[in-house]
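Add 159 to a position in the sequence shown, counting from 1, and you land on the number used in my numbering.
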Amino acid sequence: MKKNIAVLKGDGIGPEIVDQALLVLDKVAEKYGHEFSYTSVDIGGCSIDKHGVPITEEGMAICKSSDSVLLGAVGGPKWDNVDPSIRPEKALLAVRKELGLFANLRPTKLFPQLAEASPLKESIVGNGIDLLIVRELTGGVYFGKRRTEVVNGEKVATDEMPYSEHEIERIGRVAFETARKRGKRVASVDKANVLDSSRLWRATMHRISEEYPDVEYSDILVDNTAMQLIKNPGQFDVIVTENMFGDILSDEASMLTGSIGMMPSASLSSGTLGMYEPIHGSAPDIAGMDVANPIGTIMSVAMMLRYSFDMIEEADAIEAAVNCVLDDGYRTADIWRDGFKKIGCAEMGAAVAARL
Ligand code: IPM
Ligand code: MG
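Following this line, the structure appears as structure tokens:
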């Protein structure tokens, strides 16, 4: 198969982790007889520096017409004080919105080899962690109206958090359909004791849940979820939630896996076009030092093969290769401990490609 991939390396550690994922993709192409062509698009701070905007119209058009998008990370202190209308993060939100990527899948899986890298006790994570966060990605407070105005002589800032029934329904269906292929349990996370948007969320999820009698459904408040993720993470299978709750809970959940550097994500539309990225940020403090963990990005290309290209065997092969490399004792700094072989970002990419 021939596929065109838009490659958005971005800022900070973005370029170095994406390079490792491309190395792995090239290996897949060689081994399985595919052809992947890459078109580079500037995004984030590097695009602001070069073009004055975090993504150009031309760049956006390339993303839209490609078969899938691979992203590293955006942002950094250098661009913290630019006008909010051109912040690096704006480009990421624009790509999500313009490509219609409403469903963000964030699998949280603890490789058993890394049980000791998790800050949680063995008694809590020892039985393995395998949950999936399904985050709504193109609605809510991320895309609601915002304004800062002066009221009675002081500044007042407002961010609206709108949700419409069709937005809730379609993400709900993704959660239930996905749960059917996994542990058949969906927990819908909201703040229905306070927010109108959450009350509509809950009512809509209840309605949809009736179409999936084979899936066990429950509601849980977001603050309680934050606690339960630490107390008893094994209770969860699929967690479905709105945009900002999903942003926060997925960072929390990532630590169950030992390091945020391990976590991939897929942002899906109603078609096959998707964007794939690790959930972590640009980590400017370690950029260019060859110490970042590329596994989250490598696992993201596995998700690309699985969800956008229907290359299931190839995706399984990447995940198995990562597993082997961990079995071999190789660790980047974030997951390293005594007795293991500490390697850099490029060495980790090469090790996974070699194992493939
Ligand atoms: C994420 C990130 C983004 C988000 C930022 C960079 C805008 O934190 O993908 O989780 O908040 O969605
Ligand atoms: Mg986040």
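For each residue, glycine too, the CB sits at the ideal point set by N, CA and C.
Note that this is a predicted model, so its numbers are computed, not measured.
Of the listed residues the options, nearest to residue i (C-alpha basis)
| i | options | result |
| --- | --- | --- |
| Glu-217 | Asp-185, Ala-250, Lys-190 and Gly-234 | Ala-250 |
| Gly-507 | Ala-480, Asp-497 and Arg-496 | The sequence shown places Met at residue 507, rather than the Gly named in the question. Selected option, being the one with the closest Cα: Ala-480. |
| Ile-419 | Thr-337, Ala-442, Glu-375 and Glu-401 | Ala-442 |
| Arg-465 | Asn-482, Ser-424, Val-450 and Ile-445 | Ser-424 |
| Lys-168 | Glu-194, Ala-276, Ala-492 and Val-233 | Val-233 |
| Phe-404 | Ile-457, Tyr-301 and Arg-305 | Tyr-301 |
| Gly-299 | Val-345, Ser-429, Ser-347 and Pro-321 | Pro-321 |
| Ile-502 | Val-450, Ile-283 and Asp-382 | Val-450 |
| Pro-174 | Met-448, Ala-512 and Gly-498 | Met-448 |
| Ser-224 | Met-422, Glu-324, Ile-477 and Glu-257 | Glu-257 |
| Leu-184 | Ile-494, Thr-491, Phe-468 and Asp-493 | Phe-468 |
| Ile-288 | Phe-499, Asn-240 and Met-422 | Met-422 |
| Tyr-435 | Leu-408, Met-463 and Ser-409 | Met-463 |
| Lys-304 | Thr-297, Leu-359 and Glu-319 | Glu-319 |
| Asp-355 | Gln-179, Glu-401, Gly-417 and Gly-312 | Glu-401 |
7 Å Cβ shell around residue i - same chain, five flanking residues per side excluded
| i | result |
| --- | --- |
| Ile-330 | Phe-261, Ala-262, Val-293, Glu-295 and Val-399 |
| Glu-411 | Ala-385 and Leu-388 |
| Pro-278 | Met-414 |
| Ala-446 | Gly-171 and Ile-172 |
| Ala-316 | Thr-307 |
| Leu-252 | Tyr-301 |
| Lys-350 | Ser-357, Leu-380 and Val-381 |
| His-210 | Asp-201 |
Residues near residue i in its chain [Cβ-Cβ closer than 6 Å; skip 5 each side]
| i | result |
| --- | --- |
| Ala-510 | Val-484 and Tyr-489 |
| Lys-161 | Glu-194 |
| Val-200 | Ala-165, Leu-167, Gly-218 and Ile-221 |
| Tyr-371 | Phe-335 |
| Thr-491 | Asn-452 and Met-507 |
Integer-rounded CB distance, given that residue j should sit under 8 Å from residue i
| i | j | result |
| --- | --- | --- |
| Arg-255 | Ser-426 | 6 Å |
| Tyr-191 | Glu-473 | 5 Å |
| Thr-456 | Ile-283 | That pair is no contact at about 27 Å. |
Nearest-angstrom Cα separation, counted from residue j out to residue i
| i | j | result |
| --- | --- | --- |
| Glu-281 | Met-364 | 34 Å |
| Cys-222 | Gly-203 | 14 Å |
| Ser-227 | Leu-264 | 15 Å |
| Val-397 | Arg-306 | 35 Å |
| Val-309 | Gly-433 | 41 Å |
| Arg-344 | Ile-207 | 43 Å |
| Arg-496 | Asp-486 | 14 Å |
| Lys-340 | Thr-267 | 16 Å |
| Leu-269 | Gly-430 | 29 Å |
| Pro-213 | Cys-205 | 8 Å |
| Asn-482 | Glu-328 | 36 Å |
| Glu-248 | Gly-231 | 12 Å |
| Asn-383 | Lys-390 | 10 Å |
| Ala-476 | Ser-323 | 39 Å |
| Gly-498 | Ser-244 | 48 Å |
Residues of its chain near residue i, where Cβ-Cβ distance is below 8 Å and the 5 sequence neighbours each way are ignored
| i | result |
| --- | --- |
| Thr-337 | Leu-264, Leu-291, Val-293 and Val-397 |
| Asn-352 | Leu-380 |
| Arg-361 | Ser-347, Asp-349, Ala-351 and Asp-378 |
| task | Can you check the segment 454-487 for any alpha helix (DSSP H) of at least 4 residues that lies completely inside it and give the ranges in chain order? | result | 454-466 and 471-486
| query | Mind pulling the alpha helix (DSSP H) runs of 4 or more residues that sit fully within the segment 357-444? | reply | 381-390 and 402-413
| query | At which residue ranges does the segment 223-258 contain complete alpha helix (DSSP H) runs of 4 or more residues, listed in the order of the chain? | reply | 247-257
| Ranges of the beta strand (DSSP E) found wholly within the segment 301-329, counting only runs of at least 3 | 305-310 and 313-318
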